[in-house]
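Trainee:
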Amino acid sequence: MRVLVTGGNGQLGSVLVDLLSARPADVFMGVDLPAIDITSPTSVAQVLALFSPDVVINCAAWTAVDAAEEREAEALKVNGDGPRVLAEACKAAAAWLVQISTDYVFAGDACTPYTEDATPDPKTA
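1 is the number of the first residue of the sequence shown in this note's numbering; add one for each residue after it.
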């Protein structure tokens with residue numbers, strides 16, 4: 001299986017890349033800026049065409065909370081538009097997308113665990 005990890009130099013992505021490297025049957029690649037810009041359809045399409053992954057695991061994200069509040073448009077581009085760009089490119093490339101997220105995309109007032117079809121309602125940037 002060919003696995004592409006975006007955000008491969010980040011906190012989660014780097015650990016995932018390390019774990020995948022211990023699996024000799026799998027072929028994987030971790031990528032990060034500037035090799036891939038998940039907000040750019042052209043950049044994503046080029047990387048997917050080059051590597052031909054079966055699965056893309058998106059660990060790329062704007063994680064600096066305070067900076068996200070100050071630069072909300074940029075954070076939304078990475079955390080909102082980026083996954084959409086990846087999803088569209090993965091669909092075109094017949095690759096699965098695993099989108100890593102956070103509970104902060106929800107309001108936090110549910111009495112039961114959130115499911116995949118829960119409506120996002122973020123209260124911060």
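Even glycine gets a Cβ: it sits at the ideal position worked out from N, Cα and C.
In this text, all values refer to a predicted model and were calculated from it rather than measured experimentally.
Taking C-alpha atoms, which residue in Gln99, Ala125, Arg71 lies nearest to Arg84?
Mentor: Gln99
Trainee: Is Gly10 helix, strand or coil by DSSP?
Mentor: coil
Trainee: Please report the distance separating the alpha-carbon of Gly13 from that of Met29.
Mentor: 11 Å
Trainee: State the CB to CB distance for the pair Asp54 and Met1, rounded to an integer number of angstroms; the pair is presumed to be in contact (CB under 8 Å).
Mentor: 5 Å
Trainee: Please look up how many angstroms separate the CB atoms of Asp18 and Val3, rounded, as I've assumed it's under 8 Å.
Mentor: With 8 Å as the limit, Asp18 and Val3 do not qualify as a contact, their Cβ atoms being about 13 Å apart.
Trainee: Pick from Ala22, Val15, Ile57, Val31: whose alpha carbon is nearest that of Ser101?
Mentor: Ile57
Trainee: With a 10 Å radius around its C-beta and 16 neighbouring C-beta atoms as the bar for buried, classify Thr42 as buried or exposed.
Mentor: The Cβ neighbour count for Thr42, taken over all protein chains shown within 10 Å, is under 16; the residue is labelled exposed.
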